[in-house]
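First the structure, in the form of structure tokens, and then the observations on it.
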Amino acid sequence: MENSQPSFMDLLLEAHRGLERQGPGSPEATRQALGFLGPLERFARVADLGCGTGGQTLLLAESLPGSITALDMFPDFIGRLAKRAAGRECAGRIAGIVGDMAHLPFQQESLDLIWSEGAIDAIGFENGLRHWHAFLKQDGYVAVTCPSWITEEHPAAVDQFWSGAGVHLHTVAENIESMRHAGYAFIAAFVLPETCWTDNYFTPRASAIQDLANRYAHSDVMREYAAINQQEVALFLKYRQHYGYVFYIGRAI
Numbered sequence: 043m044e045n046s047q048p049s050f051m052d053l054l055l056e057a058h059r060g061l062e063r064q065g066p067g068s069p070e071a072t073r074q075a076l077g078f079l080g081p082l083e084r085f086a087r088v089a090d091l092g093c094g095t096g097g098q099t100l101l102l103a104e105s106l107p108g109s110i111t112a113l114d115m116f117p118d119f120i121g122r123l124a125k126r127a128a129g130r131e132c133a134g135r136i137a138g139i140v141g142d143m144a145h146l147p148f149q150q151e152s153l154d155l156i157w158s159e160g161a162i163d164a165i166g167f168e169n170g171l172r173h174w175h176a177f178l179k180q181d182g183y184v185a186v187t188c189p190s191w192i193t194e195e196h197p198a199a200v201d202q203f204w205s206g207a208g209v210h211l212h213t214v215a216e217n218i219e220s221m222r223h224a225g226y227a228f229i230a231a232f233v234l235p236e237t238c239w240t241d242n243y244f245t246p247r248a249s250a251i252q253d254l255a256n257r258y259a260h261s262d263v264m265r266e267y268a269a270i271n272q273q274e275v276a277l278f279l280k281y282r283q284h285y286g287y288v289f290y291i292g293r294a295i
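This is the structure:
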């Protein structure tokens, strides 16, 4: 790819494959969400959907006693997860597979917990929860993060940016209602701190993008990709009081 014009997807994968996380989040937020699940020994079969390179997967495996199937559509991410897990005591309980979270490869009513950080918005919040419900045991749990409006004011620039990326932002109250419509008892929701975006995602991503910009200095696609990422950062810093990633936890009924 060095001597050819990289595609947008090429750049997306290259920028993210070496990152700890592929979106806003933190170990502290993952642990906080785990705290709403009650006794953790009940979670024998877990799926981490849209797992990326496994930042939260490894923490889940260290916190839960059961097996974890980590699913992502990008083989490079699954390969990176396998390398990160190698040598850890929990490695034998993690199975990374390439797959589509809109078409899950599990038996129905077979999972105790479905986890997904920063991925469900790709298939729609309520649509994803409805589909995943069939694979959870009764009283199984779901825990997901999703970008959401957190104030009544919805700046048009933010709406336009996310809509252009194929994501329609909803309010926290609307997502809680969608969770109930999809067959879950609502347990909890909380907004991820600003540092989950800035320190844990934007800063390491910016470094990776700069490396790519140096490699593909004559690429128009590279310049466009860098500009879109810069726009995302600028919008968040300007309007972060109005939207953010929110953790939602529910129980299948």
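Residue numbers (the numbering used here): 43 to 295.
Glycine is no exception: its CB is placed at the ideal position from the N, C-alpha and C atoms.
Just so you know, these numbers come straight off a predicted model, no measurement behind them.
- The beta carbon of E56 lies closer than 7 Å to those of L254 in the same chain, with the five residues before and after it left out.
- Contact between W157 and D90 is confirmed by a C-beta separation of about 5 Å, below the 8 Å threshold.
- With a cutoff of 8 Å on beta-carbon distance, D114 and V140 are scored as near each other.
- With respect to L234, F167 sits apart: the two C-beta atoms are not nearer than 8 Å.
- When C-beta atoms of the stretch 196-211 are compared with those of the stretch 147-157, fewer than three pairs fall below 8 Å, so the two segments do not count as touching.
- It is roughly 7 Å from the alpha-carbon of S261 to the alpha-carbon of P48.
- In the three-state reduction of the DSSP assignment, G121 falls in the helix class.
- Between R293 and I229, the C-beta spacing is below 8 Å.
- Annotated as proximal: R63 and Y243, with beta-carbon spacing under 8 Å.
- Judged by DSSP secondary structure, Q252 falls within the alpha helix (DSSP H) whose first and last residues are 245-257.
- Shortest Cα-Cα distance from P117 to any of H58, L100, L82, I295 involves H58.
- Around the C-beta of I295, fewer than 16 other C-beta atoms lie within 10 Å, and the residue is accordingly described as exposed.
- With respect to the 8 Å criterion, H284 and W204 are not classified as neighbours on the basis of their beta carbons.
- As computed with DSSP, S190 is found in a beta bridge with H212, G286.
- With fewer than 16 other Cβ atoms inside 10 Å of its own Cβ, G206 counts as exposed.
- One alpha carbon belongs to Y267, the other to G94, and they sit about 20 Å apart.
- Within the model, the alpha-carbon separation for G60 versus L279 is close to 24 Å.
- When N256, G121, A259, W239 are compared, the shortest CA-CA separation from A276 is found for W239.
- Counting of Cβ neighbours within 10 angstroms places T187 among the buried residues, the total reaching 16 or more.
- DSSP lists L153 as the beta-bridge partner residues of L178.
- Taking 8 Å as the cut-off, the Cβ atoms of P66 and Y258 do not count as close.
- Counted as a single uninterrupted DSSP element, the alpha helix (DSSP H) harbouring A199 occupies residues 198-206.
- According to the DSSP assignment, I270 belongs to the alpha helix (DSSP H) that extends over 262-281.
- Look at T95 here: in three-state DSSP terms it is coil, with no helix or strand label.
- Residues Q47, P48, S49, F50, L53 of the same chain have their beta carbon placed closer than 8 Å to that of V263, with the five preceding and five following residues left out of the count.
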